[in-house]
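Participant: Numbers given in the numbering used here equal positions in the sequence shown, counted from 1, plus 80. Below you'll find the structure I mean.
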Amino acid sequence: MYEVEKKQLYEAHLALEKYGLVSYTSGNVSVRVNDHVIIKPSGVPYSQLKPEDFVVVDLSGNVIEASKKPSIDTATHLYLYRNVSWARSIVHTHSTFSTVWAVIERPIPVLCTAHADVFGEEIPLTEYASVGSEAIGKAVLKVMGRSGAVLLRKHGVMVLGTSIEDALKKAIFLEEVAKIAYFANLMTIPVPLTNVEVEKLFEQYHSRYGQRRETGS
Ligand SMILES: [Zn+2]
Numbered sequence: 081m082y083e084v085e086k087k088q089l090y091e092a093h094l095a096l097e098k099y100g101l102v103s104y105t106s107g108n109v110s111v112r113v114n115d116h117v118i119i120k121p122s123g124v125p126y127s128q129l130k131p132e133d134f135v136v137v138d139l140s141g142n143v144i145e146a147s148k149k150p151s152i153d154t155a156t157h158l159y160l161y162r163n164v165s166w167a168r169s170i171v172h173t174h175s176t177f178s179t180v181w182a183v184i185e186r187p188i189p190v191l192c193t194a195h196a197d198v199f200g201e202e203i204p205l206t207e208y209a210s211v212g213s214e215a216i217g218k219a220v221l222k223v224m225g226r227s228g229a230v231l232l233r234k235h236g237v238m239v240l241g242t243s244i245e246d247a248l249k250k251a252i253f254l255e256e257v258a259k260i261a262y263f264a265n266l267m268t269i270p271v272p273l274t275n276v277e278v279e280k281l282f283e284q285y286h287s288r289y290g291q292r293r294e295t296g297s
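Now the structure itself:
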């Protein structure tokens with residue numbers, strides 16, 4: 081079941097590796113289809129991953145179809161899908177520059193226009209929560225803003241999107257803005273963009289940037 085979505089998810093995992101956001105087995109992407117969630121199998125290296133390895137569970141965590149165990153982060157993904165109605169895909173990584181901000185326990189300030197465009201807010205930081213239960217999901221919900229991108233204290237990032245493409249794009253841009261902010265902080269104490277400018281850029285990017293779709297959206 082869900083052959084098309086499994087293939088898309090497989091390709092999303094290859095993209096995470098291509099953009100240098102994950103290593104060996106770390107990180108995962110999931111997608112929600114109605115009341116089912118498809119997620120990466122636990123502990124399978126990217127080089128050995130196959131579309132048919134992806135696991136289908138329901139929103140309560142019951143396995144619907146699987147040849148392998150689901151990711152250890154499944155409970156976190158499910159908690160977020162149950163509580164964030166617009167979320168259709170979630171990316172989790174330990175991408176280096178974003179995780180540097182998470183381990184020094186600082187949100188990422190809005191220092192460049194690309195950050196304002198895509199996220200429209202500083203990237204918030206959760207309290208510390210341990211892996212393997214709903215604790216991370218609860219911590220994410222406490223701080224998550226409109227961007228759906230959150231730093232997990234001492235751990236990595238969680239990015240919620242309206243589609244696999246949206247979540248993947250935000251995960252890639254998050255690492256880019258984290259990198260820029262990291263280097264800016266090495267050189268000086270950078271001044272963030274004003275809230276008014278962030279609002280203007282976010283609104284413009286989300287209403288006018290890119291190619292017009294056939295659907296008009
Ligand atoms: Zn992790």
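No residue lacks a Cβ here, since even glycine has one placed at the ideal position from N, Cα and C. All values reported here derive from a predicted model rather than from experimental measurement.
Output the distance between the C-alpha atoms of Arg186 and Glu83, rounded to the nearest integer angstrom.
Facilitator: By one-based count along the sequence shown, residue 186 stands at place 106. By one-based count along the sequence shown, residue 83 stands at place 3. Taking the straight line from one Cα to the other gives about 40 Å.
Participant: Output the boundary residues of the alpha helix (DSSP H) element that contains Asp246.
Facilitator: Taking the first residue of the sequence shown as 1, we reach residue 246 at position 166. First-last of the alpha helix (DSSP H) with Asp246: Ile244 to Met267.
Participant: May I ask whether a heavy atom of ligand 1 can be found less than 7 Å away from the beta carbon of Val211?
Facilitator: Taking the sequence shown and counting its residues from 1, the one referred to as residue 211 is at position 131. Flag set: Cβ of Val211 near ligand 1.
Participant: Any heavy atom of ligand 1 inside 7 Å of the beta-carbon of His157?
Facilitator: On the sequence shown, position 77 is the one that residue 157 refers to. No - ligand 1 has no heavy atom lying nearer than 7 Å to the Cβ of His157.
Participant: Are the beta-carbon atoms of Val301 and Ala196 separated by less than 8 Å?
Facilitator: Because the chain spans 81 through 297 in this model, residue 301 falls outside it and cannot be assessed.
Participant: Looking at Lys234: is its Cβ nearer than 8 Å to the Cβ of Gly241?
Facilitator: The residue given as residue 234 occupies position 154 in the sequence shown. The residue given as residue 241 occupies position 161 in the sequence shown. No.
Participant: Are three or more beta carbon pairs between the region 112-129 and the region 84-93 nearer than 8 Å?
Facilitator: Cβ pair count under 8 Å is three or more, so yes.
Participant: Verify whether the separation of the beta carbon atoms of Ala229 and Phe199 is less than 8 Å.
Facilitator: By one-based count along the sequence shown, residue 229 stands at place 149. By one-based count along the sequence shown, residue 199 stands at place 119. Contact: yes.
Participant: Per DSSP, Thr173 forms a beta bridge with which residues?
Facilitator: To locate residue 173, count along the sequence shown from 1; it is residue 93. Paired residues: Val237.
Participant: I need the boundaries of the alpha helix (DSSP H) containing Ser287, first residue and last residue.
Facilitator: As a working note, residue 287 is residue 207 in the sequence shown. From DSSP, the alpha helix (DSSP H) with Ser287 extends over Asn275 to Arg288.
Participant: According to DSSP, what are the bridge partners of Ile203?
Facilitator: Against the sequence shown, residue 203 aligns to sequence position 123. Ile203 pairs with Ile188.
Participant: Per the contact definition of three or more C-beta pairs closer than 8 Å, is the region 205-214 in contact with the region 148-163?
Facilitator: Cβ pair count under 8 Å is three or more, so yes.
Participant: Can you find the residues in the same chain that come closer than 8 Å, C-beta to C-beta, to Gly290, ignoring five residues on each side of it along the sequence?
Facilitator: If you number the sequence shown from 1, residue 290 lands on position 210. Hits under 8 Å: none found.
Participant: In chain order, what residues of the same chain have a beta carbon less than 8 Å from the beta carbon of Lys130, not counting five sequence neighbours either side?
Facilitator: What you label residue 130 is simply residue 50 of the sequence shown in a count that begins at 1. Around Lys130: Tyr90.
Participant: Taking buried to mean at least 16 other C-beta atoms within 10 Å of its own C-beta, is Gly100 buried or exposed?
Facilitator: For the purposes of this step, residue 100 is taken as the residue at position 20 of the sequence shown. When all chains shown are included, Gly100 counts as exposed.
Participant: Taking just the CA atoms, how far does Phe177 sit from Ile252?
Facilitator: The residue given as residue 252 occupies position 172 in the sequence shown. The residue given as residue 177 occupies position 97 in the sequence shown. C-alpha separation (whole angstroms): 11 Å.
Participant: In its own chain, which residues sit with a C-beta less than 6 Å from the C-beta of Val190, not counting the 5 before and 5 after it?
Facilitator: To locate residue 190, count along the sequence shown from 1; it is residue 110. So the list reads Ala196, Glu202, Pro272, Leu273 and Val278, once near-sequence residues are dropped.
Participant: Pull up the distance between the alpha-carbon of Asn108 and that of Trp181, whole angstroms please.
Facilitator: Taking the sequence shown and counting its residues from 1, one reaches residue 108 at position 28. Taking the sequence shown and counting its residues from 1, one reaches residue 181 at position 101. Distance between the alpha carbons of Asn108 and Trp181 is about 20 Å.
Participant: Compute the minimum distance between the beta carbon of Asp246 and the heavy atoms of ligand 1, and state whether it is under 7 Å.
Facilitator: Here the question's residue 246 lines up with position 166 in the sequence shown. Result no, Cβ not under 7 Å from ligand 1.
Participant: Would you check if the distance between the CB atom of His172 and the CB atom of Gly225 is smaller than 8 Å?
Facilitator: Counting from one through the sequence shown, the residue named residue 172 turns up at place 92. Counting from one through the sequence shown, the residue named residue 225 turns up at place 145. In this structure, Gly225 does not lie closer than 8 Å to His172 by Cβ.
Participant: Can you tell me which residues form a DSSP beta bridge with Val109?
Facilitator: As a first step, residue 109 is located in the sequence shown; it is residue number 29 there, counting from the start. The partner list for Val109 (beta bridge, DSSP) reads Val171.
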